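These protein sequences, in sequence, are chains G and E. Quick note on the working numbering: the first sequence kicks off at 1 and runs consecutively. Quick note on the working numbering: the second sequence kicks off at 1001 and runs consecutively.
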Amino acid sequence: EPEVTQTPSHQVTQMGQEVILRCVPISNHLYFYWYRQILGQKVEFLVSFYNNEISEKSEIFDDQFSVERPDGSNFTLKIRSTKLEDSAMYFCASSQGFGNQPQHFGDGTRLSIL
Amino acid sequence: RKEVEQDPGPFNVPEGATVAFNCTYSNSASQSFFWYRQDCRKEPKLLMSVYSSGNEDGRFTAQLNRASQYISLLIRDSKLSDSATYLCVVNDNQGGKLIFGQGTELSVKP
C-alpha cells in the first residue's frame, strides 16, 4: 500500500536555528497538509497546499513557517528561528481530493528544540 | 465550546467486550467525519469514514447524527490489538483542514 514518508524521523536543533522537514506524499495525491502534535495535546492543523500554493493556514502558521514543493515529489516545511515551543511531532498528510477524501499521514518527524 | 469534543478516557475493558465512544462537533456546516486511531507517539491512521446512514467495517460501527452533531464508534469483541487512542475527526471543507478531538484512550486487557 502506498504511504506518505517523512524525513528525518527525529531532529534535534538549537533554539534560533532553521529546520526543514521533508515529506514525500502519495504519488497520485494532489492535496498536501502539515499538522503538529505537542506532547500530550491534540493534533493541530498548520497548513494545506494545492496546485503549488497554500489553500489555508492556521493561526499557528505565522511568518516563521513556510512550505514548498520544490520538485514533483517532495513537500517541505521550513521553520525559521526555532523556539522551544516548536518542539512537537510534525505530521505530513496527503489526499487524492478534497472534503470527504480521507487524509493519509506520514509517520512524523519528532522535532526537539534545545 | 470545543470544536470537536470526545468522551474523556481512559477506557479499560476486558478482551471480548463491546465499547462505545462518543463525539460531538460544534460546526453544523461540517460535512465529512472520520475516526482515526493513534498508537503511542505514532501517526494517526484512518480507521473509517463516517457516513450519514451509518456504516460498519467488521467489528467497527460508526454512526452520525447531524441534528445532534454527534458521532459514535462502537467496537465489538474487542482485541488486545485495539488498544490505542481513538480520534474523532471532522473536516470543515473550507480548506480541507481536519479538526481533531483530544482522543479517547482504550486499553483492552486479557
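Every residue gets a Cβ at the ideal spot worked out from N, C-alpha and C, and that includes glycine. Every value quoted in this text rests on a predicted model; they were computed, and no experiment measured them.
Query raised in the report: For Y50(G), which residues from the same chain have a beta carbon less than 7 Å from its beta carbon, with the 5 sequence-adjacent residues on both sides left out?
Result: Position 50 of the first sequence, counted from the first residue, corresponds to residue 50(G). The answer, listed in chain order, is L30, Y31.
Query raised in the report: Are the C-beta atoms of F91(G) and some chain E residue less than 8 Å apart?
Result: One-based indexing of the first sequence puts residue 91(G) at position 91. Yes, because at least one Cβ of chain E sits closer than 8 Å to the Cβ of F91(G).
Report task. Could you tell me the distance, in whole angstroms, from the CA atom of D1092(E) to the CA atom of P25(G)? Result -> For this step, residue 1092(E) is matched to residue 92 along the second sequence. For this step, residue 25(G) is matched to residue 25 along the first sequence. So the alpha carbons of these two residues sit roughly 22 Å apart.
**Report entry** Helix, strand or coil at S95(G) [DSSP, three-state]
**Finding:** By 1-based counting over the first sequence, the position of residue 95(G) is 95. S95(G) falls in the strand class under three-state DSSP.
Query raised in the report: With 8 Å set as the bound, which would you pick, yes or no: does the beta-carbon of N1093(E) sit closer than that to a beta-carbon of chain G?
Result: Counting from one through the second sequence, the residue named residue 1093(E) turns up at place 93. So, interface residue.
Report task. Leaving aside the five residues before and after K1109(E) along the sequence, list all residues of the same chain whose C-beta is less than 6 Å from its C-beta, in chain order. Result -> Translated into positions along the second sequence, residue 1109(E) becomes position 109. Closer than 6 Å at Cβ, skipping near neighbours: P1014.
Report task. Rank N28(G), R22(G), Q64(G) by C-alpha distance to the C-alpha of M15(G) and give the top, closest one. Result -> Within the first sequence, the letter at position 15 stands for residue 15(G). Considering only alpha carbons, the answer is Q64(G).
Requested in this report: At 7 Å on the CB atoms, spell out the chain G contacts of E1043(E), in chain order.
Outcome: Within the second sequence, the letter at position 43 stands for residue 1043(E). Below the 7 Å Cβ cutoff, chain G contributes F91, F105, G106, D107, G108 as neighbours of E1043(E), in chain order.
Query raised in the report: With 8 Å set as the bound, which would you pick, yes or no: does the beta-carbon of F65(G) sit closer than that to a beta-carbon of chain E?
Result: As a working mapping, residue 65(G) is identified with position 65 in the first sequence. Not an interface residue.
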